[in-house]
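One structure below.
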């Protein structure tokens with residue numbers, strides 16, 4: 003018996019959601035389709051942070067509590083309307099990565115199991131000039147949340163001293 007799918011009409015495009023009933027958050031029972039609907043509800047804010055930027059795909063294909071993997075190359079099997087850009091790295095290697103610009107592309111990557119979003123600090127139309135600086139504060143064993151907050155506040159103060167504005171982003175790690 004074929005698995006159920008949902009087809010969404012977004013930005014004039016059809017986005018197929020495969021296995022929409024797959025549970026992605028076992029503690030709450032939230033399904034893949036629930037996660038897609040959530041991202042569509044917050045799309046204006048989510049897109050402000052990722053639109054037009056190449057993105058590494060962090061895929062949780064078995065839900066939030068399952069193992070994840072990073073897919074740095076755009077899947078070969080993708081709709082023709084999914085934008086990509088080729089990145090060149092200092093090592094000499096290259097990778098064609100996804101560029102999300104609208105809610106259709108956002109829903110498409112969430113369907114792949116992307117629960118958190120990992121854009122590069124560059125824009126697809128200007129790969130040689132990063133326009134963001136990211137300071138990643140990940141909790142580790144022996145470091146309490148209060149220490150993370152303390153470092154975040156010190157980072158904000160240092161950025162302010164340089165005339166820069168910092169914006170917090172949490173990934174849930």
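Residue numbers (my numbering): 3 to 175. Cβ atoms here follow ideal geometry from the backbone N, Cα and C, with glycine treated the same way.
Secondary structure at residue 111: helix, using DSSP grouped into helix, strand and coil.
When beta bridges are read from the DSSP output, residue 56 appears opposite 101.
Annotation: the continuous beta strand (DSSP E) that includes residue 16 extends over 15-20. Annotated as distal: residue 125 and residue 97, with beta-carbon spacing of 8 Å or more. Taking the Cα positions, residue 33 is about 32 Å away from residue 145. Nearest in C-alpha terms to residue 24, of all of 108, 66, 50, 73, is 66.
Less than 8 Å separates the beta-carbon of residue 89 from that of residue 99.
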